[in-house]
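Chemist: Mind having a look at this structure? Questions to follow.
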Amino acid sequence: MKRLLILVTLTMLVAFTAQAAPVTVNAVGTVVWNGIQDEPLSTVVAGEMVFMTIQVDSDVFTDAVPDDVRGYDVMFFDVSFSSGLGLGLLAGAPDTYFALIDGYPVSDGFFVSSSPSSPGGVPLEQEPFSFNLDLGYEGETLENLSILDALGTYDFTGMTRFGFNLWSVFPDNVAMDIEFQQLIITSPLPTEESSWSGVKAMYR
417 MKRLLILVTL
427 TMLVAFTAQA
437 APVTVNAVGT
447 VVWNGIQDEP
457 LSTVVAGEMV
467 FMTIQVDSDV
477 FTDAVPDDVR
487 GYDVMFFDVS
497 FSSGLGLGLL
507 AGAPDTYFAL
517 IDGYPVSDGF
527 FVSSSPSSPG
537 GVPLEQEPFS
547 FNLDLGYEGE
557 TLENLSILDA
567 LGTYDFTGMT
577 RFGFNLWSVF
587 PDNVAMDIEF
597 QQLIITSPLP
607 TEESSWSGVK
617 AMYR
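Following this note's numbering, the numbering of the sequence shown begins with 417 at its first residue and continues without gaps.
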């Protein structure tokens, strides 16, 4: 009987650890310049901090380019500024993805997009503006395409490029430029929530 209970307990433990985990991705930057004339985004000034927060499920994804690019379905998205302004996605917008690139040995990286296979940004609730985050890193930065294996903080170490901005109509028409500082990927969610509040407080 005792052996049976041990086996049942071990089975439950394995099942629990195999479950998908909530993962939160935060990006921090500073507004370099803002050319937007329409409120509320027109109220954002150079020097303000920018905070992107998205949440994904580690088990819900699309292998857009097998072994190279995996897009995780975004369940929550918010971009906010140190002045207190916050924006979500445009109602009825296409699916949003947070993607990992493991292009070893050439290039690794991350991006937020309406496509799981390529960067391009996502439409914000204040039309006609879209949010773009596209980060490139040297190969070997990521071990694989599992977001749970990518937990950690990413800054300029090994960075090869970054695009962090709001654009209008087409991606090259940048309306607000943002200087990237950090990308932070954490799980589980309850631990992350308290730590992310601390990170935001540091910049205010």
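Cβ coordinates follow ideal geometry from the N, Cα and C atoms, glycine included.
Because the structure is a prediction, the values reported are computed rather than measured.
Could you spell out where the beta strand (DSSP E) holding Gln-597 opens and where it closes?
Modeler: Note, Gln-597: beta strand (DSSP E), 590-602.
Chemist: By alpha-carbon positions, which one of Ala-591, Ser-530, Phe-477 ends up nearest to Gly-508?
Modeler: Residue Ser-530 is the option with its Cα nearest to Gly-508.
Chemist: Is there contact between the region 461-479 and the region 436-452, where contact requires at least three CB pairs shorter than 8 angstroms?
Modeler: Short answer: they touch.
Chemist: Quick check: the Cα distance between Asn-621 and Asp-479, rounded to an integer number of angstroms?
Modeler: Any question about residue 621 goes unanswered here, given that the chain covers just 417 to 620.
Chemist: Could you tell me how far apart the beta carbons of Val-485 and Gln-598 are, in whole angstroms, since I believe they sit closer than 8 angstroms?
Modeler: 22 angstroms between Cβ atoms; not a contact.
Chemist: Compute the distance between the beta-carbons of Glu-595 and Thr-446, then report whether it is under 8 angstroms.
Modeler: It is a contact, given that the beta carbons lie within the stated cut-off.
Chemist: Pull up the distance between the alpha-carbon of Ser-603 and that of Val-439, whole angstroms please.
Modeler: About 5 angstroms.
Chemist: Any idea what DSSP makes of Asn-560, helix, strand or coil?
Modeler: If DSSP states are grouped into helix, strand and coil, Asn-560 belongs with coil.
Chemist: Tell me the rounded alpha-carbon separation between Asp-524 and Tyr-570.
Modeler: Their Cα atoms are separated by approximately 12 angstroms.
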